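Keeping their order, the protein sequence lines are chains W and G.
Counting the first sequence from 1 gives a position; our numbering is that position plus 11.
Counting the second sequence from 1 gives a position; our numbering is that position plus 19.
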Amino acid sequence: MAQALATTVVVASLYALLAAGYVLVYRASRVLNLAQGDLLTLGGYFLFATAATFPGAPALALPLAAALSALTGVLVYVALMRPMAGHPIFAAVLVTVTLGILLRAAIVFVFTDRTRHPLQQLGLTNPPRPLVGGAVVSTFDLVMVGAAVVLFAALLVFLKVSPLGIRMRAAGERALLASQRGINFHGVFALSWALAAFAGGLAGMIYSSNVRLEPSLGILGLRAFAVALVGGLDSLGGVIPAALLVAAVEVASVRYGNALLSDVSPFVCLLVMLLIRPWGMFGTKEELERV
Amino acid sequence: MRGRILIGAAGVLGLVAAHTARAQAPEPYRIGMTVAITGPFSAGYAPTYEAYRTYFKRINDAGGINGHPVAITYEDDRGEPQRAAAAAKKLTDGALLLINASISPTYKPVMTEAEATKTPLLFGGGVCPREAFPPATPLIFCTTSFGSKWDSRMALGFIKEQSAGKKVKVGFAAQDIPLSRVELEFAEQHAKELGMDTIPVVVVPGSAADFTPFAQNLKEAGADWVFSWAPWGVEIGVFEALNRIGWKGSYILYGHQPAQDELTRLKAPNLHALTGNAMFIENLPIHAEITNLVKGQTNHPAHYMAEGWTSAMVLDAGLRKCGWPCSREKLAQALSSVSVDTKGLRGGPIEMTADNHYRKATYYKVYRWDTARSAIVSVGGWSKLDIK
Numbered sequence: 012m013a014q015a016l017a018t019t020v021v022v023a024s025l026y027a028l029l030a031a032g033y034v035l036v037y038r039a040s041r042v043l044n045l046a047q048g049d050l051l052t053l054g055g056y057f058l059f060a061t062a063a064t065f066p067g068a069p070a071l072a073l074p075l076a077a078a079l080s081a082l083t084g085v086l087v088y089v090a091l092m093r094p095m096a097g098h099p100i101f102a103a104v105l106v107t108v109t110l111g112i113l114l115r116a117a118i119v120f121v122f123t124d125r126t127r128h129p130l131q132q133l134g135l136t137n138p139p140r141p142l143v144g145g146a147v148v149s150t151f152d153l154v155m156v157g158a159a160v161v162l163f164a165a166l167l168v169f170l171k172v173s174p175l176g177i178r179m180r181a182a183g184e185r186a187l188l189a190s191q192r193g194i195n196f197h198g199v200f201a202l203s204w205a206l207a208a209f210a211g212g213l214a215g216m217i218y219s220s221n222v223r224l225e226p227s228l229g230i231l232g233l234r235a236f237a238v239a240l241v242g243g244l245d246s247l248g249g250v251i252p253a254a255l256l257v258a259a260v261e262v263a264s265v266r267y268g269n270a271l272l273s274d275v276s277p278f279v280c281l282l283v284m285l286l287i288r289p290w291g292m293f294g295t296k297e298e299l300e301r302v
Numbered sequence: 020m021r022g023r024i025l026i027g028a029a030g031v032l033g034l035v036a037a038h039t040a041r042a043q044a045p046e047p048y049r050i051g052m053t054v055a056i057t058g059p060f061s062a063g064y065a066p067t068y069e070a071y072r073t074y075f076k077r078i079n080d081a082g083g084i085n086g087h088p089v090a091i092t093y094e095d096d097r098g099e100p101q102r103a104a105a106a107a108k109k110l111t112d113g114a115l116l117l118i119n120a121s122i123s124p125t126y127k128p129v130m131t132e133a134e135a136t137k138t139p140l141l142f143g144g145g146v147c148p149r150e151a152f153p154p155a156t157p158l159i160f161c162t163t164s165f166g167s168k169w170d171s172r173m174a175l176g177f178i179k180e181q182s183a184g185k186k187v188k189v190g191f192a193a194q195d196i197p198l199s200r201v202e203l204e205f206a207e208q209h210a211k212e213l214g215m216d217t218i219p220v221v222v223v224p225g226s227a228a229d230f231t232p233f234a235q236n237l238k239e240a241g242a243d244w245v246f247s248w249a250p251w252g253v254e255i256g257v258f259e260a261l262n263r264i265g266w267k268g269s270y271i272l273y274g275h276q277p278a279q280d281e282l283t284r285l286k287a288p289n290l291h292a293l294t295g296n297a298m299f300i301e302n303l304p305i306h307a308e309i310t311n312l313v314k315g316q317t318n319h320p321a322h323y324m325a326e327g328w329t330s331a332m333v334l335d336a337g338l339r340k341c342g343w344p345c346s347r348e349k350l351a352q353a354l355s356s357v358s359v360d361t362k363g364l365r366g367g368p369i370e371m372t373a374d375n376h377y378r379k380a381t382y383y384k385v386y387r388w389d390t391a392r393s394a395i396v397s398v399g400g401w402s403k404l405d406i407k
């Protein structure tokens, strides 16, 4: 039981980091960023590249990879999403789909299709850590949980308290009104993309250090998309219980049911949520109607 | 004006010369290959394409086979059945033989096309279809080192040998694809016949975010050994998860191309890689030869080439035996009696017969990490299994 709980928290942390990206972009611009999974993969490859460039120097490689991830988000906004302003949201969503395909192709082109392990280059190890109740997790499992806790705490404080965070919320709620009040909403949107890419990239960096890195990792983004919808697409706070719920169902289906159900369990959760509360656990009804 | 006439005349002469040269160039052996060069499964198959390309470049540079070059047309099927079907249709037009180096869902459409056009079909890189085993279908051949049923027999025999008379409990980790599940269900049954205690096959989705719950099921069921026969991600993912949660048993998996790198990375003495290809740590002359030839030619390490290289050797032997002119029928006959010295890439020769298009005998070796020597070592030598 303790092991199942520990695994649930670890998986939930991964999903929460990824789902935060969906919510941040959606809240700011109403765009569903369907390239979020590929931004996770890219983050992993950024770490692989920086670790290969600065072998044995994790203090340099890790922040550099995180910065590259955030910069990618800004570039995506400037190059692809900003020109879509004024076009239907649907067109912008399609652009994110195309972006995902392009990122996957570019990754194979640059890094090939081989499975990589950035931890080797970083010169770090990933020893098991015993927990109470006999559960054991890896060091990078703990890093994943810690990263999710810190990121969510920082985001919630940032959005609630900081002037920039308040502007970000305002731009998300009433873009026209916000621009009339002098808020640079292009800057705000670019920031939301940077934060989304950072969150996805961070998840990718930790996941690839813990498990493996390969071009097809982006598939994890689909599971996290289900988490974002279950929590409510416009609710950052909703991501945490939704991630815990989806991860718990997934782990329980392996441990106590049919292991094959684990693959579909995030989507079963999503289906159930759509039937009983289509706007998600903590989403607002009004937002969904706008979609 | 005179200058223009001269330039025109020179151009015409050039064209005539080029045409004559083309007419005099020996006609090639035309071969078609449908292969997953890109796509989610390319890591396992693109090296076969690279090995073929390098192997036959060298052959052609040296004058070809029987005085004729080998022209291989490659089609990237991305591991998608519909693309493979289209590729097979295109490639069988004029090709003496079709090669499939892709995932198993592409087999059926390619085999259908090969059968319809009476084109011999050689599988190299992907798991061998049952049609290559005795009694073989006349046009289906396979050179891949791993083969269903035989790998399980070998792996379980190894576990039994290592257990030295002690009764062991064996678990099985399959991926959620039919081939892997069927193989490990067979293995579970075979283990029971060998007197082992078994744990029902644990089926793992390839896209699982975390392999720990699957590993936990195996650990809690009391597995002393776990055997995995699946694509590499699941094979190694379950092992790492088991290790992470403090499992103390032994693990054996089929050693696909990444095995050599991964044994070195993990340095885990309880991880055993069963393989039909000699690892390049053995530093055989053929390994050095391949390493030199592929330098700068591939996106993968030289040891990823073993599977494709062996397959190319078999095709080379078949074409030599076929002579010139060579027809599809003659080539199929030639391959049916081919005997290829693999120069140590495998444990013995690849010998096919009229009703055995896999090989008369297959050879396996098990490698693991030796902590004391800080190196990969083989656990014993080659083991031979007669294929009947």
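Backbone N, C-alpha and C fix where the C-beta goes; we use that ideal spot for every residue, glycine too.
Nothing here was measured: the structure is a model prediction, and the numbers come from that model.
Opposing strand residues paired with residue i [DSSP bridges]
| i | result |
| --- | --- |
| Cys147 of chain G | Paired residues: none, contrary to the question. |
| Val189 of chain G | G:Thr217, G:Trp244 |
| Met52 of chain G | G:Tyr93, G:Ile118 |
| Thr361 of chain G | Answer by DSSP bridge pairing: none, since Thr361 of chain G is not bridged. |
| Asp389 of chain G | G:Ala394 |
| Ser269 of chain G | G:Trp244 |
| Pro139 of chain W | W:Ser149 |
| His291 of chain G | G:Ile271, G:Arg387 |
| Gln131 of chain W | According to DSSP, which records beta bridges pairwise, Gln131 of chain W is partnered with nothing at all. |
| Glu259 of chain G | For Glu259 of chain G, which the question treats as bridged, DSSP gives no partner whatsoever. |
| Gln194 of chain G | G:Val223 |
Three-state class that DSSP yields for residue i in the structure shown
| i | result |
| --- | --- |
| Lys349 of chain G | helix |
| Ala40 of chain G | Unreliable placement is indicated for Ala40 of chain G, whose pLDDT of 48 sits below 50; the coordinate value is still reported in the next sentence. It is helical. |
| Trp290 of chain W | coil |
| Val34 of chain W | helix |
| Lys408 of chain G | Here chain G covers residues 20 to 407 and nothing more, so residue 408 of chain G does not appear. |
| Tyr26 of chain W | helix |
| His87 of chain G | strand |
| Tyr1 of chain G | The structure shown does not extend to residue 1 of chain G, since chain G is modelled only from 20 to 407, so the question has no answer here. |
| Val250 of chain W | helix |
| Met284 of chain W | helix |
| Phe142 of chain G | strand |
| Arg185 of chain W | coil |
| Asn269 of chain W | coil |
| Ile194 of chain W | coil |
| Leu19 of chain G | Any question about residue 19 of chain G goes unanswered here, given that chain G covers just 20 to 407. |
C-beta atoms of residue i and residue j nearer than 9 Å
| i | j | result |
| --- | --- | --- |
| Thr53 of chain G | Thr125 of chain G | yes |
| Leu206 of chain W | Leu35 of chain W | yes |
| Leu272 of chain G | Ile255 of chain G | yes |
| Asp96 of chain G | Ser121 of chain G | yes |
| Pro129 of chain W | Leu224 of chain W | yes |
| Leu233 of chain W | Gly48 of chain W | yes |
| Ser227 of chain W | Pro59 of chain G | yes |
| Ala336 of chain G | Val357 of chain G | yes |
| Gly248 of chain W | Gly291 of chain W | no |
| Lys362 of chain G | Ile406 of chain G | no |
| Asn318 of chain G | Arg115 of chain W | no |
| Ile50 of chain G | Leu117 of chain G | yes |
| Asn221 of chain W | Val154 of chain W | yes |
| Tyr33 of chain W | Phe236 of chain W | yes |
| Arg365 of chain G | Ala287 of chain G | no |
| Ala240 of chain G | Gly176 of chain G | no |
| Val108 of chain W | Met95 of chain W | no |
Any non-hydrogen atom of the ligand ATP closer than 8 Å to residue i Cβ
| i | result |
| --- | --- |
| Ala373 of chain G | Looking at this structure, you won't find the ligand ATP or any other ligand, since it has none at all. |
With 16 other Cβ atoms within 10 Å as the buried cut-off, status of residue i
| i | result |
| --- | --- |
| Tyr267 of chain W | exposed |
| Phe258 of chain G | buried |
| Ser219 of chain W | buried |
| Ala40 of chain G | Interpretation of Ala40 of chain G is limited by its pLDDT of 48, a score under 50 that renders its predicted location unreliable; no figure is taken from the coordinates. |
| Ala23 of chain W | buried |
| Lys384 of chain G | buried |
| Phe120 of chain W | exposed |
| Asn302 of chain G | exposed |
| Glu150 of chain G | buried |
| Thr61 of chain W | buried |
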